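J.: These protein sequences, in sequence, are chains F and G.
Per our numbering, residue 1 is the first one in the first sequence, and the count goes up by one each step.
Per our numbering, residue 1001 is the first one in the second sequence, and the count goes up by one each step.
Beta carbons are placed, not taken as given, at the ideal position from N, Cα and C, and that holds for glycine.
Quick caveat, the model's predicted, so the values are computed rather than measured.
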Amino acid sequence: MDTRILTRMIMKMRPVKTKVEPMRGFWLATRLDISESLRARWFVLYSLVFGGIIVILFMFGLTESRVMGFTGLTRLLVTYIQISMAVLPIFILITTVRSLAGDREAGVYEYMLSQPISLSAWYWGRFAGRLVAVFVPVFLAMAIAVFWGVIRGAETPVYHFLWYSVLLLSLSFCFLGIGFLISSLTRSSDVAQSAAFFVWLILLLFLDLILLGLIIRAQSPPGLVISLALANPLQVFRTATMMLFDPQLIMLGPSAWLILDNFGHFGYLAWALIYPFVLGLMFGGLGYLVFRRGDLP
Amino acid sequence: MITIDKVTKKFRKTTVLDSLSLELGKGDRVALIGSNGAGKTTLIRCILGQYVHSGTVSVNGLQSRGNREKILGEIGFVPQIAPPLKMPVVELLHFCAGTARIDVDSIIDICQRLEVEYDVLKKRPFSKLSGGQKQKILIAIAMARKPELIILDEPTANLDPHARQILFEMLAERGDLPVLISSHRLEEVAGLVNRIIELDRGRVVLDDAVEDGGDMSVRIDCRITLARTDDAFANTISGWKFSTDENRTTWKGQVAGADRLRFFGVLARYSGLVDALEMGSKQENQGDGK
Chain F
1 MDTRILTRMI
11 MKMRPVKTKV
21 EPMRGFWLAT
31 RLDISESLRA
41 RWFVLYSLVF
51 GGIIVILFMF
61 GLTESRVMGF
71 TGLTRLLVTY
81 IQISMAVLPI
91 FILITTVRSL
101 AGDREAGVYE
111 YMLSQPISLS
121 AWYWGRFAGR
131 LVAVFVPVFL
141 AMAIAVFWGV
151 IRGAETPVYH
161 FLWYSVLLLS
171 LSFCFLGIGF
181 LISSLTRSSD
191 VAQSAAFFVW
201 LILLLFLDLI
211 LLGLIIRAQS
221 PPGLVISLAL
231 ANPLQVFRTA
241 TMMLFDPQLI
251 MLGPSAWLIL
261 DNFGHFGYLA
271 WALIYPFVLG
281 LMFGGLGYLV
291 FRRGDLP
Chain G
1001 MITIDKVTKK
1011 FRKTTVLDSL
1021 SLELGKGDRV
1031 ALIGSNGAGK
1041 TTLIRCILGQ
1051 YVHSGTVSVN
1061 GLQSRGNREK
1071 ILGEIGFVPQ
1081 IAPPLKMPVV
1091 ELLHFCAGTA
1101 RIDVDSIIDI
1111 CQRLEVEYDV
1121 LKKRPFSKLS
1131 GGQKQKILIA
1141 IAMARKPELI
1151 ILDEPTANLD
1161 PHARQILFEM
1171 LAERGDLPVL
1181 ISSHRLEEVA
1191 GLVNRIIELD
1201 RGRVVLDDAV
1211 EDGGDMSVRI
1221 DCRITLARTD
1231 DAFANTISGW
1241 KFSTDENRTT
1251 WKGQVAGADR
1261 LRFFGVLARY
1271 SGLVDALEMG
1281 SKQENQGDGK
């Protein structure tokens, strides 16, 4: 959808007059962040990237299906999710810290926080607004793909679609929390961006393909390896999405037994859904405490 | 109204406010002056509850940081540098009206009084406006809230003389509204205030009452006769809304009483050109800004 149309729609939304006055500031900050995001260049690029991934996947999917005809959407969604896992966190981290720390540097905070709005309404309102801004394009791209597939007569993978959606939401929430914490801790956008990139790199290194492989080669205790895998939100997301495609986790090798024995299929999916969310809430909350106790501009 | 008690603010090892104590009462119109780095903006930010510091700052008995929302509801603030907001003007107005729980039309009314072409500008990004337009909109937002205290950080830097005149009138209409005006130069704000506080390296080095200039809405008739015509002078004086005769040697207009020192400063640049200056009777403004 054209971002200008979305901006106009957001503009037409007036703050809802409710009896719960403290929520007024929250909604104002949420609306402000959504409309600021819709106008930002990063949002256009972000939407184009995820829309583009879907288009490319469809193009390649159609090429593959020449032999067997259009075979369904599950594989397309799996590929989309795996690419999202690589792109979404770094996009969220960089754009969040860039705009928040940039706003602070440019003097936006000095003025906006001279208005009678509580710090919690401002912080969490912007958090909510940013969550909507980063999740909706990813979700819409996936939803449009499913819709298009259904029109073409493919089987509707409702179960996978719903799980992927909530897992993506949880992952977005987690990285948004990290982004907000970094923004609260740093005073300049350069430092904030470097810190965000560093965090992303560390988590990426702890994916099973790289660091975990090294740990296994160094004959580290399996418990440590599995714990690291369970603590890394990227790995948790990756394993959960693999599990939806491959319920026995055959691709994961022997560690799959440990995961399935200890968690079970739905237990692990629940962990993959709740853990990143709790982590995001924890980091976001910590960021709020730092923000509230420090200098605002 | 505002009690500042032994406030110290440090940035790393630099002490910007050094055990500063001050008392600002109702009816005080204070010029906060000092050179760059004297601590003016830092002090304002402490009053607005934006900085953590040692010592206490309280507004109407409430600690500024702990009661931010309540205190900021009573303070109108115009910053030195307008924030580079990409949002359209209309959206900024809605946000500010929403937080202050006022009708957005009350801000628009003041914008129009300050001669901001609101209908033309409302969809433009705030950051794309001229310095003067931004300043006028921020003043309108601050004044529309009918604040109990107004804080202006370098308020007249980007305003043309006519807009300044309207600002002075609006301040005059609010009677005893306490005002805290920060400025590098005393002559910019001298006519507006009844007390001067000078800061230097985070300490108060001067705290003095000044003769009250009287009603800020006063305008003074003025007639300038030049020895010869001059394009640069014509340009400058037109900004003060002065009109001239066919020969372009006699200029007539009105100067806000609070702005007369600034006006003299402008004329001083053309002292070799000015043959005669007559400043006539004071006139009370009718409050319509015209």
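How far does the alpha helix (DSSP H) with V97 (chain F) in it reach, from first residue to last?
T.: For the purposes of this step, residue 97 (chain F) is taken as the residue at position 97 of the first sequence. Segment T74 to A106, the alpha helix (DSSP H) holding V97 (chain F).
J.: Note down the Cα distance separating T63 (chain F) from A240 (chain F), rounded to an integer number of angstroms.
T.: For the purposes of this step, residue 63 (chain F) is taken as residue 63 along the first sequence, with counting starting at 1. For the purposes of this step, residue 240 (chain F) is taken as residue 240 along the first sequence, with counting starting at 1. Only weak support is given to the placement of T63 (chain F): the predicted model assigns it a pLDDT of 46, under 50, and the question is left unresolved by the model.
J.: Return helix, strand or coil for G1253 (chain G), following the three-state DSSP convention.
T.: Counted from its first residue, the second sequence places residue 1253 (chain G) at position 253. Strand.
J.: Ordered along the chain, which non-local residues of its own chain (more than five positions away) have a Cβ less than 8 Å from that of L1138 (chain G)?
T.: Mapped onto the second sequence, residue 1138 (chain G) falls at position 138. Cβ neighbours of L1138 (chain G) beyond the five flanking positions: V1078, P1079 and A1082.
J.: For I1334 (chain G), count the other beta carbons within 10 Å of its own beta carbon; 16 or more makes it buried, fewer makes it exposed. Which is it?
T.: Because chain G here runs from 1001 to 1290, residue 1334 (chain G) falls outside it and cannot be looked at.
J.: Around the Cβ of K1123 (chain G), are there at least 16 other Cβ atoms within 10 angstroms (buried) or fewer (exposed)?
T.: Within the second sequence, residue 1123 (chain G) is the residue found at index 123, counting from 1. It is exposed - the Cβ of K1123 (chain G) has fewer than 16 other Cβ atoms within 10 Å.
J.: For K1134 (chain G), which residues of its own chain have a beta-carbon under 6 Å away from its beta-carbon, when the five flanking residues on both sides are left out?
T.: Position 134 of the second sequence, counting from 1, holds the residue named residue 1134 (chain G). Only A1082 meet the Cβ criterion.
J.: Residues of chain B with CB closer than 9 Å to the CB of S118 (chain F), please, in chain order.
T.: Included in the structure are the protein chains F and G, with no chain B among them.
J.: Within a Cβ cutoff of 7 Å, which residues of the same chain sit near T1015 (chain G), ignoring the five residues on either side of it in sequence?
T.: Working through the second sequence from its first residue, we reach residue 1015 (chain G) at position 15. Excluding positions up to five away in sequence, the list reads T1008 and G1202.
J.: For the stretch 95–115 of chain F and the stretch 258–269 of chain F, state whether three or more C-beta atom pairs, one from each stretch, are separated by less than 8 Å.
T.: Judged by Cβ distances under 8 Å, the stretch 95–115 of chain F makes no contact with the stretch 258–269 of chain F, as fewer than three pairs qualify.
J.: Between which two residues does the alpha helix (DSSP H) holding G177 (chain F) run?
T.: As a working mapping, residue 177 (chain F) is identified with position 177 in the first sequence. Unbroken alpha helix (DSSP H) run through G177 (chain F): V158 to L185.
J.: What is the residue span of the beta strand (DSSP E) that K1009 (chain G) lies within?
T.: As a working mapping, residue 1009 (chain G) is identified with position 9 in the second sequence. Here the beta strand (DSSP E) through K1009 (chain G) covers I1002 to F1011.
J.: Quick check on the burial criterion: 16 or more other C-beta atoms within 10 angstroms. Buried or exposed for N1036 (chain G)?
T.: Translated into the one-based positions of the second sequence, residue 1036 (chain G) becomes position 36. With fewer than 16 other Cβ atoms within 10 Å, it is exposed.
J.: Whole angstroms is fine: what's the gap from P222 (chain F)'s alpha carbon to E36 (chain F)'s?
T.: Taking the first sequence and counting its residues from 1, the one referred to as residue 222 (chain F) is at position 222. Taking the first sequence and counting its residues from 1, the one referred to as residue 36 (chain F) is at position 36. Taking the straight line from one Cα to the other gives about 47 Å.
J.: Along chain F, in chain order, which residues have C-beta atoms closer than 9 Å to that of Q1050 (chain G)?
T.: Taking the second sequence and counting its residues from 1, the one referred to as residue 1050 (chain G) is at position 50. In chain order: Y109, E110, L113, S114, D295, L296 and P297.
J.: For G267 (chain F), decide whether its Cβ has a neighbour in chain G, counting only Cβ atoms nearer than 8 Å.
T.: As a position in the first sequence, residue 267 (chain F) is number 267, starting the count at 1. No - not a single Cβ of chain G is within 8 Å of the one on G267 (chain F).
J.: Taking 8 Å as the CB-CB cut-off, is Q1286 (chain G) touching chain F?
T.: Indexing the second sequence from 1 puts residue 1286 (chain G) at position 286. Here the model assigns Q1286 (chain G) a pLDDT of 49, short of 50, so the residue's position is not dependable and the matter cannot be decided.
J.: Could you tell me whether the Cβ atoms of G1049 (chain G) and R1065 (chain G) are closer together than 8 Å?
T.: Looking up residue 1049 (chain G) in the second sequence gives position 49. Looking up residue 1065 (chain G) in the second sequence gives position 65. Against a cut-off of 8 Å, the Cβ pair of R1065 (chain G) and G1049 (chain G) comes out as a contact.
J.: Can at least three beta-carbon pairs, one atom from the stretch 1059–1075 of chain G and one from the stretch 1109–1121 of chain G, be found at a separation below 8 Å?
T.: Counting Cβ pairs under 8 Å, fewer than three are found: no touch.
J.: Would you please verify whether the beta carbon of S35 (chain F) is less than 8 Å from any beta carbon of chain G?
T.: Here residue 35 (chain F) refers to the residue found at position 35 when the first sequence is read from its first residue. Taking Cβ atoms only, chain G reaches closer than 8 Å to S35 (chain F), which makes this a yes.
J.: Please tell me whether A336 (chain F) has its Cβ less than 8 Å away from any Cβ of chain G.
T.: A query on residue 336 (chain F) cannot be resolved here, the shown segment of chain F reaching from 1 to 297 and no further.
J.: Among G:G1025, G:C1046 and G:R1029, whose alpha-carbon lies nearest the alpha-carbon of K1006 (chain G)?
T.: Numbered from its first residue, the second sequence carries residue 1006 (chain G) at position 6. Checking every option, the nearest Cα to that of K1006 (chain G) belongs to G:C1046.
J.: Give me the DSSP bridge partner(s) of E1198 (chain G).
T.: The residue given as residue 1198 (chain G) occupies position 198 in the second sequence. Partner(s): G:I1033 and G:L1206.
J.: Flag T63 (chain F) as yes if its beta-carbon sits less than 8 Å from any beta-carbon of chain G, otherwise no.
T.: What you label residue 63 (chain F) is simply residue 63 of the first sequence in a count that begins at 1. Bear in mind that a pLDDT of 46 at T63 (chain F), under 50, signals an unreliable position, so the model cannot answer this.
J.: So E1154 (chain G) contacts chain F; which residues on that side make the cut at Cβ distance below 9 Å?
T.: In the second sequence, residue 1154 (chain G) corresponds to position 154, counting from 1. In chain order: nothing, as chain F lies at least about 13 Å away.
J.: Check whether the Cβ atoms of P376 (chain F) and F198 (chain F) lie closer than 8 Å to each other.
T.: The question about residue 376 (chain F) has no answer, for chain F in this structure spans 1 to 297.
J.: Scan the stretch 1070–1099 of chain G for residues whose Cβ lies nearer than 7 Å to a Cβ of chain F and list them as they occur along the chain.
T.: So the list reads L1072, G1073, F1077, P1079, I1081, P1083, P1084, L1085, K1086, M1087, E1091, F1095, C1096, G1098 and T1099, given in the order they occur along the chain.
J.: Alpha carbon to alpha carbon, how far is W122 (chain F) from G25 (chain F)?
T.: On the first sequence, residue 122 (chain F) is found 122 positions in, with the first residue counted as 1. On the first sequence, residue 25 (chain F) is found 25 positions in, with the first residue counted as 1. Using only the alpha carbons, I get a separation of about 7 Å.
J.: With H, G and I counted as helix, E and B as strand and the rest as coil, what does DSSP make of M242 (chain F)?
T.: Locating residue 242 (chain F) in the first sequence gives position 242, where the first residue counts as 1. Of the three classes helix, strand and coil, the one that applies to M242 (chain F) here is helix, per DSSP.
J.: Quick one: does G285 (chain F) have its CB under 8 Å from some CB of chain G?
T.: If you number the first sequence from 1, residue 285 (chain F) lands on position 285. Closer than 8 Å: no.
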